[in-house]
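K.L.:
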Amino acid sequence: MDPECSRLLPALCAVLADPRQPVADDTCLEKLLDWFKTVTETESSLQLLQDHPCLVELLSHVLKPQDVSPRVLSFALRLAGAFAAQEDCFQYLQQGDLLLGLFGEAGALGWSAWSIPSVRSGWIQGLCALAHHPSALHFLADSGAVDTVFSLQGDPSLFVASAASQLLVYILALSMQGRDAGSPIPEVAAWPVCAQKIVSHVQESLHSTAAPQVTQALNVLTTTFGRCRSPWMEVLWGQLSPLVASLLKRDPIPAAHSLVDLLLSVARSPVLSSAACGPWEILAQTLHRLSPTQAGPLALGTLKLQRCPQELRTQAFGILLQPLACILKATAQAPGPPGLLDGTAGGSMTVDTLLSSKSACVGLLCQTLAHLEELQTLPQCPSPWPQEPLLDAAVIILRLCDGSADPSSSGAGRLCGTLAGCIRVQRAALDFLGTLSQGMSPQESMLQVFAILLKNLESPESSPTVLKKAFQATLRWLQSSVKTSGCSDLSPDALLFLGELFPVLQKRLCSPCWEVRDSALEFLTHLSQHWGGQADFREELQSSEVPMLACQLLQDPESYVRASAVAATGQLFSRGLQATPTSSENLQAQQGLLMDLMYILSTDSEGFPRRAVLQVFTQWLRDGHADVARDTEWFVTTVLQAVSRDLDWEVRVQGLELVQVFLTQTLGRFRPRCPYAVTLPEATSPTPHPEFLRTLCRLPLFEFVFRALFDCDRPVAQKACDLLLFLRDETAPSSGPQETRDGPNSASVEVALQRWQEGEQGQPLGDLEPEAMLALLRSLDLEGLQGKLAKSSDHIEKSPQSLLQDMLATVGMLEENEADCY
Amino acid sequence: VPNNPKSDMKLYCLSGHPTLPCNVLKFKSTTIMLDCGLDMTSTLNFLPLPLVQSPRLSNLPGWSLKDGSVFLDKELKECSGHVFVDSVPEFCLPETELIDLSTVDVILISNYHCMMALPYITEHTGFTGTVYATEPTVQIGRLLMEELVNFIERVPKAQSASLWKNKDVQRLLPSPLKDAVEVTTWRRCYTMQEVNSALSKIQLVGYSQKIELFGAVQVTPLSSGYALGSSNWIIQSHYEKVSYVSGSSLLTTHPQPMDQASLKNSDVLLLTGLTQIPTANPDGMVGEFCSNLALTVRNGGNVLVPCYPSGVIYDLLECLYQYIDSAGLSSIPFYFISPVANSSLEFSQIFAEWLCHNKQSKVYLPEPPFPHAELIQTNKLKHYPSIHGDFSNDFRQPCVVFTGHPSLRCGDVVHFMELWGKSSLNTVIFTEPDFSYLEALAPYQPLAMKCVYCPIDTRLNFIQVSKLLKEVQPLHVVCPEQYTQPPPAQSHRMDLMIDCQPPAMSYRRAEVLALPFKRRYEKIEIMPELADSLVPMEIKPGISLATVSAVLHTKDNKHILQPPPRPTQPTSSKKRKRVSEDVPDCKVLKPLLSGSIPVEQFVQTLEKHGFSDIKVEDTAKGHIVLLQEAETLIQLEEDSTHIICDNDETLRVRLRDLVLKFLQKF
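Quick mapping for you: the protein sequence lines, in order, are chains A and B. Going by this note's numbering, the first sequence wraps up at 822, each residue one higher than the last. Going by this note's numbering, the second sequence wraps up at 1488, each residue one higher than the last.
Okay, here's the thing in structure tokens:
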């Protein structure tokens, strides 16, 4: 602990102990506690207490709780726990019976403040902290704390109840500590008293008919099995698993969610999953017994296990597929090709169960689709994966949702009625459909998918969120069609689809709903990113009005749409897919877009479109886009002029990014181009090319970067600093300050910089000579600045010293106010 | 007072069109007509009336029968495989034979679309009653009628085809003419004179105003949220309540929101006028409308919107007002062409109190409630009475034209269809849901112009209905039969029908329904002096009874109990009696009895009084006590007691007195 803090500590303890000086702010106490915890991590707690008797005084003072506020009580309990985590300090505190006074039956439990949840929570957390060594275990056993913890498991405050369960897990683990090595683990009956007590409490709870108690017991077990990997757990599970299994015989099954968590925790535990009394049988039973909605998460968890019997995996997958199989069965036109789950026992679910209520049906379907989606992307994905039936199911669900399914049975008719227009299911099904694009699908299925996607994209009934999902799924399927066709070209089916897609996209770009216009533009950007180079695609796109509409949306009233339009037109342009393809107007049109974007950059009132413009410009510069390459210096100058006035710091950062790209490119141009030359890097750039430096000085580049260096937004300054460091390393790598810095105007520049640093940004930098610039770069302590900027702005305010001072100051102020009152 | 259960309520269903209803409710001696919608889909069987001579239409070939007979070729013309009647369009009227319409006491109108048959009813059936409607309904209804009359009268057609209506001829015709119903009752349009006369019979009402009908029932219009001034009606007496829901909307459009709360506790809820396109959501359709409009105009094409001069057009103009700038359409002219265009745009701005809250509050700013005022001011929206005159000077293309009639059989729209139909650059966008767009387009085929169907129907859909019914919980629901099954084209959509308990009663055209509840009570007032004289006696805790002797006076469906006249003095008998004093003599009344006879105690009492050999038999309604020796039988039932003995009056009186001991008298 640093001396200044040591000095402040007694005053602070006095303040905390003084009931007339209430601590107004809880967060201060939390910060204080955090600080003590970090201190005790590196220093001896005992030493700390001996050096600062005021701390023990504070803790003793709390023993007279009528004088202390509940906040301080809770704090003190946790603080005592933190100190007592070290065994020697524990002994020290025990000598004065301080711990018993705080945590024993005569302590906190008897206080009137015990009724306040934060005090109970502090008590538990204090015990959690100290339960780290054998002495603590004896203390816990003797003080009767365990019984209190049992009762706190049912505490009305959820935080207290959950912490109580956690504490039980700690105590159990602590009491079993050191029993793993060597000799075999005895039966529970021969376990330490404390452990036995907890186990029998859990057993009792599992027998209970009250669901909350069962839940508590299951939660304790889940945490225990989740965090320990000791062999004694096998004994524990062996003892308790029959009890857990007996829960399945009850109707309804109590605490089904917690049961699922427990079983998954057991199955994941390396100790238990390989044990003789492994969880597989009980897992199978549970999967069988739970309702479809409850069984879903268990089935998914089972399938995600690294090791699991194949039979169980099959069963779990069957459970997961059930709702979809049921839908396929209900809507099957004829007994066609084998669907999902044919011939397995899993397909027992009927449409009636599925349709018991609309919300249940929708919930179950969404859950199932999300689970399957998650599963498909995992390495544990079941194989063989029933790609075709799943695809059919996803398509049929979407048809049920848009009312276009042609149901053959009354059950399917009801399904249609239930799902018609259900946006949640539509979204889930489209997501799932998108994921299915990763698998191999036969051509007929692809056609089916494209048809349903087109229907969703086209339908006036599709809500904006559904449309967005439909766009995403379409993109994935188009990508997969490339994969299946083997080459990078789009398949003929996909091309046909594109022919129908563009009219729809046209309509969506004209939608009165801005979200729709926005998603359509994003979709267009992705499309041209992927296939902009392909002749067929280009032909389809250019024969539509899509590029023209995208251009018009640069003037959209909604800023997000303008931003997306900037990205889309920028992308189209860099692919040569601009709106007016006739050759005579080509140049003008291109220049037109460059000017349009410049206009947006300098006038748009919202940040998003301006950021988008800079991203496009940076990309164009990087790609060496013709318009930019024609007169790069003009381009950079114009952009920087606009950006330097921008109020949005992200735009300014993006401007620095553009400068960086420009610098790298220009530097590259003036270097000998011989990528295969075997030379050491230093040898290539002994001194910068004079033309390079002159170029830099011609542009307003330095002014921009230096201003950015003193920007009030830290990310801008950081980026500028990095950029200058890069430049300095590139231009004057080895030279120190020995070189002349008395160039023609370096002095005036330094004066200007000085002013800027002080916040006076008005004065221009003036013309720069290359030499002056080099001198300036060398003279600045850029590393130092970088280090300073790397620290967050509140690093000074965050120090413990400042915390203590603040707390004292707040109280001091209160005192003054009090005095005023008198 | 329990009423005579015979006086049931009956519903006479005169229209089969669920959104253009015409029903007559007989209720407590009143005869109330609910709406008089005019089914105009019949006009789809006729050729359009071109404003400007159309060579194409006039050169259509006549239609001949399969056997080659051509006697119909003057009346029927063929166009792209469809056959049309070449005559003035005719309308299918509500049923007039089912009930004598001269007996109708009042007509309640719920919205301006549902009053188009009014002149036929008020002017040609001997109707002498009153019509009730809100002011916007009347004013806009007048505009709709005026427009219709104008459309038809300005294109005089010499011919009135009737040969094809002959039953033997009609069955030889192709569909849909073959299947048209009751073609002999179809009528030509009314005249403006008839319109004026019909409208003069209307009495204006305001929302929640209570209107007494002959003291028997009270009717009240409630806001229905569908159109300016649109109403649902409550028809109630003291003990019965019938709600008539017609054309209601829960969406936030321009009219005042729907009043749902007042519909609660109805015995019967008559539900008509639901959305005609239950699968289309109006928001999606408006989006579709805007997108297609923008796409067409950007390509240099024109957009034609066949529409009514009031209603959805206000909302469309408002959407466009917000949309055109974002879509870069500010320079495109919008034309609204209707003989009543000007009045419609202006009326909409003056009915502030009938508008939704948001629009009402604008009036205080002061700003016009609808933004179309600004569109007109900035010359973006121009309106003309017809294509003749100023319009032809101002006309610029590409443009957007709103004009009627949505059936495409009359009005300026016919001209634009002929003008623009040949170019695939142009688009016709159907927004009114009343007519099948394919049938409407049939006489214009082949057509190069693009057709977009985005029907905007803001009326209740089935999900909203099911919520509404849950909320207001009527005892019985009555609705057109179309609502009790899924639409024929989507027979699997079980969600597209009314689902309620008990199941809704359905009706069809020309059906008479006995409504499923019996009137049981009638309210009677007691005069204060009579009430004063009553002496109630508590017979059970909480229940007191008193006998009343009074004269029941009934006049104008009001019932009053008046004190009985004093017994007439014999001395004054010489004077001539006046009729009003001719009341029945009041006899001295026997006391009334109440209570029940406990059989066991009764038997014990009989035994005490010397009767022996008593047998008791249980019957379905009570008990029979047999006095075998005396050959006497006492029948005890819930509401009667009989003593049957052979000519032994003394015994009967003895037994009677024993029975009476167990009963209370008052």
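Where is the CB? At the ideal position from N, CA and C, for every residue including glycine. Nothing here was measured: the structure is a model prediction, and the numbers come from that model.
(1) Could you check whether Leu1035 of chain B and Asp922 of chain B sit closer than 8 angstroms to each other, using their CB atoms as the reference points?
(2) May I ask you to list, following chain order, the residues of the segment 507-533 of chain A that have a beta carbon less than 9 angstroms from some beta carbon of chain B?
(3) Would you call Met967 of chain B buried or exposed, if buried means 16 or more other Cβ atoms sit within 10 Å of its Cβ?
(4) Could you tell me which residues DSSP puts in a beta bridge with Met1499 of chain B?
(5) Please name the residues in the segment 1095-1121 of chain B whose beta-carbon is closer than 9 angstroms to at least one beta-carbon of chain A, in chain order.
(6) Taking the alpha carbon of Gln1098 of chain B as the point to measure from, which residue in B:Pro1310, B:Arg1331, B:Val1475, B:Ser1355 has its own alpha carbon closest?
(7) At a CB-CB cut-off below 7 angstroms, which residues of chain A make contact with Tyr1145 of chain B?
(8) Under the three-state reduction of DSSP, which class applies to Ser1065 of chain B: helix, strand or coil?
(9) Could you confirm whether any beta carbon from chain A is found closer than 8 angstroms to the beta carbon of Gln1078 of chain B?
(10) Which residues, taken in chain order from the segment 202-228 of chain A, show a beta carbon closer than 9 angstroms to some beta carbon of chain B?
(11) Is the shortest distance between the beta-carbon of Arg1281 of chain B and the beta-carbons of chain A less than 8 angstroms?
(12) What does DSSP give as the partner residue(s) for Ser1366 of chain B in the beta ladder?
(13) Cα-Cα, which of B:Ser880, B:Thr863, B:Glu1451, B:Gly1432 is closest to Lys979 of chain B?
(14) Identify whether Pro323 of chain A lies in helix, strand or coil by the three-state DSSP scheme.
(15) For Ala416 of chain A, go through chain B and note every residue whose CB falls closer than 8 angstroms to its CB, in chain order.
(16) Please say whether Pro916 of chain B and Cys844 of chain B have beta carbons closer to each other than 8 angstroms?
(17) Whole angstroms is fine: what's the gap from Ala136 of chain A's alpha carbon to Phe90 of chain A's?
(18) Would Asp1137 of chain B and His1179 of chain B qualify as a contact pair, given that the criterion is a beta-carbon distance under 8 angstroms?
(19) Quick check on Pro744 of chain A: does DSSP put it in helix, strand or coil?
(20) Can you find a CB in chain A that lies within less than 8 angstroms of the CB of Cys1322 of chain B?
(21) What residues of chain A sit near Cys1273 of chain B, judged by a beta carbon separation below 9 angstroms?
(22) Roughly how many angstroms lie between the CA atoms of Asn1379 of chain B and Glu1062 of chain B, to the nearest whole one?
(23) In whole angstroms, what is the alpha-carbon distance linking Ser902 of chain B and Pro1128 of chain B?
(24) Jot down the residue ranges of each uninterrupted alpha helix (DSSP H) in the segment 611-644 of chain A, minimum 4 residues, whole runs only, in chain order.
(25) Just the C-alpha distance for Thr781 of chain B and Gly1069 of chain B, rounded to the nearest angstrom, thanks.
(26) For the beta strand (DSSP E) containing Cys513 of chain A, list its first residue and its last residue.
(27) Evaluate Glu897 of chain B with the Cβ neighbour count: other Cβ atoms within 10 Å of its Cβ, from every protein chain shown; 16 or more gives buried, anything less gives exposed.
(28) Starting from the Cα of Gln718 of chain A, find the closest Cα among A:Leu667, A:Val653, A:Leu447 and give me that residue.
(29) Distance cutoff 8 angstroms, beta carbons only. Does Gly1512 of chain B sit that close to anything in chain A?
(30) Please classify Phe1229 of chain B: is it buried, with 16 or more other beta-carbons within 10 angstroms of its beta-carbon, or exposed?
(31) Determine, using beta carbons only, whether Leu16 of chain A comes closer than 8 angstroms to chain B.
(32) Specify the secondary structure class of Met1327 of chain B as computed by DSSP and reduced to three states.
(33) Cβ of Val242 of chain A less than 8 angstroms from any chain B Cβ?
(34) Can you check which of these residues, B:Leu1187, B:Val907, B:Cys835, is closest to Ser864 of chain B by C-alpha distance?
(35) Just to confirm my understanding: we take Gln1182 of chain B, look at its own chain, exclude 5 residues before and 5 after, and list those with CB closer than 6 angstroms. What are they?
(36) Between which two residues does the alpha helix (DSSP H) containing Ser1114 of chain B stretch?
P.N.:
According to the data block:
(1) Locating residue 922 of chain B in the second sequence gives position 100, where the first residue counts as 1. Locating residue 1035 of chain B in the second sequence gives position 213, where the first residue counts as 1. No, Cβ-Cβ distance for Asp922 of chain B and Leu1035 of chain B is not below 8 angstroms.
(2) The residues in question are Lys507, Arg508, Leu509, Cys510, Ser511, Pro512, Cys513, Trp514, Val516, Arg517.
(3) On the second sequence, position 145 is the one that residue 967 of chain B refers to. With 16 or more other Cβ atoms within 10 Å, it is buried.
(4) Beyond the ends of chain B as shown, which are 823 and 1488, falls residue 1499 of chain B; an answer cannot be given.
(5) Thr1101, Ala1102, Asn1103, Asp1105, Gly1106, Met1107, Val1108, Gly1109, Glu1110, Phe1111, Cys1112, Ser1113, Asn1114, Leu1115, Ala1116, Leu1117, Arg1120, Asn1121
(6) Translated into positions along the second sequence, residue 1098 of chain B becomes position 276. That would be B:Pro1310, whose Cα lies nearest to the Cα of Gln1098 of chain B.
(7) Start at 1 with the first residue of the second sequence, and residue 1145 of chain B comes out as number 323. Near Tyr1145 of chain B (Cβ distances below 7 angstroms), the residues of chain A are Pro512.
(8) The count along the second sequence starts at 1 and reaches residue 1065 of chain B at position 243. Strand.
(9) Mapped onto the second sequence, residue 1078 of chain B falls at position 256. No, no contact with chain A.
(10) none
(11) For the purposes of this step, residue 1281 of chain B is taken as residue 459 along the second sequence, with counting starting at 1. Chain A, which has no Cβ nearer than 8 angstroms to the Cβ of Arg1281 of chain B, makes this no.
(12) For the purposes of this step, residue 1366 of chain B is identified with residue 544 of the second sequence, where counting begins at 1. For Ser1366 of chain B, which the question treats as bridged, DSSP gives the partners B:Glu1360.
(13) The residue given as residue 979 of chain B occupies position 157 in the second sequence. The residue with the shortest Cα to Cα distance from Lys979 of chain B is B:Ser880.
(14) Counting from 1 along the first sequence, the entry for residue 323 of chain A is found at position 323. Of the three classes helix, strand and coil, the one that applies to Pro323 of chain A here is helix, per DSSP.
(15) The residue you call residue 416 of chain A lines up with position 416 of the first sequence. Here the sequence assigns Cys to residue 416 of chain A, which means Ala is not the residue at that position. The answer, in chain order, is His1314, Arg1315, Met1316, Asp1317.
(16) Position 22 of the second sequence holds residue 844 of chain B. Position 94 of the second sequence holds residue 916 of chain B. Against a cut-off of 8 angstroms, the Cβ pair of Pro916 of chain B and Cys844 of chain B comes out as a contact.
(17) As a working note, residue 136 of chain A is residue 136 in the first sequence. As a working note, residue 90 of chain A is residue 90 in the first sequence. Rounded to whole angstroms, Ala136 of chain A to Phe90 of chain A spans 8 angstroms at the Cα level.
(18) To locate residue 1137 of chain B, count along the second sequence from 1; it is residue 315. To locate residue 1179 of chain B, count along the second sequence from 1; it is residue 357. In this structure, Asp1137 of chain B lies away from His1179 of chain B, with their beta-carbon atoms at least 8 angstroms apart.
(19) Stepping through the first sequence from its first residue, residue 744 of chain A is reached at position 744. Its pLDDT being 49, under 50, Pro744 of chain A is placed unreliably by the model, and nothing is read from it.
(20) Position 500 of the second sequence, counted from the start, is the residue given in the question as residue 1322 of chain B. No, because no Cβ of chain A sits closer than 8 angstroms to the Cβ of Cys1322 of chain B.
(21) Here residue 1273 of chain B refers to the residue found at position 451 when the second sequence is read from its first residue. Ordered by position in chain A, no residue passes the 9 angstroms Cβ test against Cys1273 of chain B, which lies about 15 angstroms from the chain.
(22) As a first step, residue 1379 of chain B is located in the second sequence; it is residue number 557 there, counting from the start. As a first step, residue 1062 of chain B is located in the second sequence; it is residue number 240 there, counting from the start. Distance between the alpha carbons of Asn1379 of chain B and Glu1062 of chain B: 15 angstroms.
(23) Position 80 of the second sequence, counting from 1, holds the residue named residue 902 of chain B. Position 306 of the second sequence, counting from 1, holds the residue named residue 1128 of chain B. Roughly 22 angstroms between the two C-alpha positions.
(24) 626-630, 632-644
(25) Because chain B is modelled from 823 through 1488, residue 781 of chain B falls outside the range shown and cannot be assessed.
(26) Sequence index remark: in the first sequence, residue 513 of chain A carries index 513 (1-based). Neither: Cys513 of chain A is in no beta strand (DSSP E) and is coded neither H nor E.
(27) Numbered from 1 along the second sequence, position 75 holds the residue referred to as residue 897 of chain B. Classification for Glu897 of chain B: buried.
(28) Taking the first sequence and counting its residues from 1, the one referred to as residue 718 of chain A is at position 718. Answer by Cα proximity: A:Val653.
(29) There is no way to answer for residue 1512 of chain B, as the model of chain B reaches only from 823 to 1488.
(30) The residue given as residue 1229 of chain B occupies position 407 in the second sequence. Rather than Phe, the amino acid found at residue 1229 of chain B in this sequence is Ser. Result: buried.
(31) In the first sequence, residue 16 of chain A corresponds to position 16, counting from 1. Cβ-Cβ to chain B under 8 angstroms: no for Leu16 of chain A.
(32) Looking up residue 1327 of chain B in the second sequence gives position 505. Note: Met1327 of chain B maps to strand in three-state DSSP.
(33) Start at 1 with the first residue of the first sequence, and residue 242 of chain A comes out as number 242. Here residue 242 of chain A turns out to be Pro, not Val, going by the sequence shown. Taking Cβ atoms only, chain B never reaches closer than 8 angstroms to Pro242 of chain A, which makes this a no.
(34) Counted from its first residue, the second sequence places residue 864 of chain B at position 42. If we check each option's Cα against that of Ser864 of chain B, B:Val907 comes out closest.
(35) Sequence index remark: in the second sequence, residue 1182 of chain B carries index 360 (1-based). For Gln1182 of chain B, where only same-chain residues beyond five positions count, the Cβ hits under 6 angstroms are Ala1174.
(36) Counting from 1 along the second sequence, the entry for residue 1114 of chain B is found at position 292. Before going further, note that residue 1114 of chain B is Asn rather than Ser in the sequence given. Its alpha helix (DSSP H) spans residues 1104-1120.
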